[in-house]
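Under the numbering used here, the first residue of the sequence shown carries the number 872, and numbering increases by one thereafter.
All C-beta atoms in this analysis are idealised placements derived from N, C-alpha and C, irrespective of residue type, glycine included.
Small disclaimer: the values here were computed from a predicted structure and weren't measured.
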Amino acid sequence: NGDANLVGLYGSFGETIYTPLHDNTDSPGTAQWATEGLEGALNVGNWRFYGQAGVIEELNDPAVHDRVAFGVAQATYYLTPNFTVSGWAGVNGFVNSDSTSGGGRIGSRIEFKPDGWPVSFFATDQLRATRVSYSGGAPAGLTQTAIENTAMVGIRVPFGASTRKDLDAADG
């Protein structure tokens, strides 16, 4: 049911293909990453609190060994088992031999699943800010700041879940 409290560990491996911004060539690079972390969910009445914290590590160059630490907290209120309002905030930080960065994000979401319908409808908005400072290598002394806002509306098919609350419990 949608009232389960959860605690778990997770991990993943991945690869990113990118074009270096500080390189004068168009040749892409690759980076292999490992992610590990801890997550948990607590249900109290009509509220659900979810948190996640972890580390992403770059694996292909042991001399550099980039690490990104991150965390996010989310609160969801169930107006009904099929009508939710959520808000979240997250932070991240990155350090290596050439740069440091930090960032944050905040967001909100509203989702409604009409009783008996096989789909739910949602609207969400997220604001993200990142600041990167380069201390060595190219481009030494440069600081970049990026702010982005993402808004979405959509339809979601909650396979195997009869309510939004049950779907959240299945998602973790």
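| Item | Value |
| --- | --- |
| Length of the line joining the Cα atoms of Thr1034 and Tyr881 | 26 Å |
| Identity of the residue in Val990, Met1023, Gly925 nearest Gly961 by Cα | Gly925 |
| Three-state secondary structure (DSSP) of Leu1038 | helix |
| C-alpha distance - Phe1030 paired with Glu1019, whole-angstrom precision | 31 Å |
| Under the three-state DSSP convention, the category Asn876 falls into | coil |
| Nearest to Thr906 (by Cα), restricted to the options Asn914, Asn876, Gly942, Val878 | Gly942 |
| First and last residue of the uninterrupted beta strand (DSSP E) at Ala1017 | 1014–1027 |
| Pairwise C-alpha distance: Gly964 and Arg999 | 13 Å |
| Ala1000 (DSSP reduced to helix, strand or coil) | strand |
| Straight-line gap, Met1023 to Gly900 (C-alpha atoms, nearest Å) | 31 Å |
| Member of Ile977, Tyr948, Lys984, Trp959 whose CA lies at the smallest distance from the CA of Val1028 | Lys984 |
| C-alpha gap between Thr951 and Gly973, whole angstroms | 37 Å |
| CB contact check: Gly922 to chain B, cutoff 8 Å | Any reference to chain B falls outside this structure, which holds one protein chain only. |
| Residues near Thr971 by beta carbon distance below 6 Å, same chain, minus five either side | Ser1004 |
| Residues that Leu930 bridges to, as DSSP identifies them | The partner list for Leu930 (beta bridge, DSSP) is empty, contrary to what the question assumes. |
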